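> Structure in structure tokens, see below.
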Amino acid sequence: MARFAALLLALVFYSGVSHAQEIRYVSDKQYVPLRSGAGNEYRIIHRGLISGTRLSVSRTSGDGEWTEVTSDAGLTGWIRSQYLMSEMPAQQRLSVATRKIEKSGEESADLSTQLSMLETEREDLVVRLDASENGLEQVRQELHQLKQISGKAVQLDTSNRRLVEEAENLRSEVEMLQAEKQRLTDKLDNEDFMNGTLAVLLGVIIALVAPRLAPKRRKASSW
């Protein structure tokens, strides 16, 4: 479980790192134009790529000021290198982490509902089992009495066997439900652990991201 939590943290913070040289994102709070060439004199293909747009890098101009990129939608053009960053923008990472926590909470609620339904069904089977065992004991007593006063022992013995079989079947169902309840309980405990891990992760991200989200004055762009 500790290894799983560590892997989860690594995925959130370093997603896309293996392709850091090929993938870039438009930096926070930007609407950047995409041009047909490496310079302001080239025509604008797209007037404003929003923050967090995922771009594949093809090449960089000789002076390093411009980068040719392609969006996931297949749009290719040149963008100023200063507006590109190797990691997903902080606000977008925060949104992803928040969605994961919300989804985990929904799954935990579903598991709790299933567990409650199984518990209700198990209790019903226990009641039925008790009733069956009481009926079995009554039949046994009647069989004992009838064996002493009549020749109907075979018929009563058949009834006795049938009730014994029903009682055994009910016991098996109760045991299966108890095993299922334990499985769901263990899964719910794991979900609670994951919720705690994600909550801690969200707190760390907020602590790291909040200072970056404050508005900053930027120099006027030449475009």
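Reading the sequence shown from the start, the letters are residues -20 to -1, 1 to 203 in mature numbering (1 follows the signal peptide of the UniProt record, and there is no 0).
Positions of the beta carbon are idealized from the N, C-alpha and C atoms, including for glycine.
What you are looking at is a predicted structure, and each value in this text was computed from that prediction instead of being measured.
CA-CA distance, Ser41 and Leu188?
33 Å
> If you draw a straight line from the alpha carbon of Gln94 to that of Glu160, how long is it in whole angstroms?
10 Å
> In terms of residue numbering, what span does the beta strand (DSSP E) encompassing Tyr11 cover?
Tyr11 to Arg15
> For the beta strand (DSSP E) that contains Thr56, what are its first and last residues?
Thr56 to Arg60
> Any idea what DSSP makes of Gly28, helix, strand or coil?
Correct three-state label for Gly28: strand.
> The beta strand (DSSP E) that contains Thr40, what's its start and end?
Membership of Thr40 in the beta strand (DSSP E) is indicated by the continuous run Arg34 to Thr40.
> Go to Ser51, then tell me how far its beta strand (DSSP E) extends in each direction, as first and last residue.
Trp46 to Ser51
> Just the Cα atoms here: how many angstroms apart are Asp52 and Ser16?
17 Å
> Answer with buried or exposed for Tyr63, where buried requires no fewer than 16 other C-beta atoms within 10 angstroms of its C-beta.
buried
> Residues in its own chain within less than 6 Å of Gly(-5) by CB, not counting five upstream and five downstream?
Unreliable placement is indicated for Gly(-5), whose pLDDT of 43 sits below 50; the coordinate value is still reported in the next sentence. In its chain, beyond the 5 residues on either side, Ile3 have a beta carbon closer than 6 Å to the beta carbon of Gly(-5).
> Any contact of the stretch 95 to 109 with the stretch 148 to 160, i.e. 3+ C-beta pairs under 8 Å?
yes
> Determine the burial state of Val180: buried for a count of at least 16 other Cβ atoms within 10 Å of its Cβ, exposed for fewer.
exposed
> Among the candidates Ser88, Ser112 and Ile24, whose CA atom is the shortest distance from the CA of Leu148?
With the sequence shown as reference, residue 148 is identified as Glu, and Leu is not the correct amino acid for it. The residue with the shortest Cα to Cα distance from Glu148 is Ser112.
> With a cut-off of 8 Å on the beta carbons, I'd call Leu35 and Thr50 a contact; round off their distance for me.
7 Å
> In whole angstroms, give me the CA-to-CA distance for Glu48 and His26.
13 Å
> Going by beta carbon distance, what residues of the same chain come within less than 8 Å of Gly44, once the five residues before and after it are set aside?
Taken in chain order, the residues that qualify are Ser61.
> Exposed or buried, Thr177, counting other C-beta atoms within 10 Å across all chains shown (16 or more means buried)?
buried
> Taking 8 Å as the limit between beta carbons, can you name the residues of its chain near Glu101, skipping five residues before and five after?
Contacts found: Leu157.
> Would you mind working out which of Glu21, Arg142, Val12 and Ala89 sits nearest Ser31, comparing C-alpha positions?
The shortest C-alpha separation from Ser31 is found at Val12.
> Are the CB atoms of Ser92 and Asp172 nearer to each other than 8 Å?
no
> Measuring alpha carbon to alpha carbon, tell me which of Glu67, Val37, Ser66 and Met65 ends up nearest Thr56.
Cα-wise, what sits closest to Thr56 is Val37.
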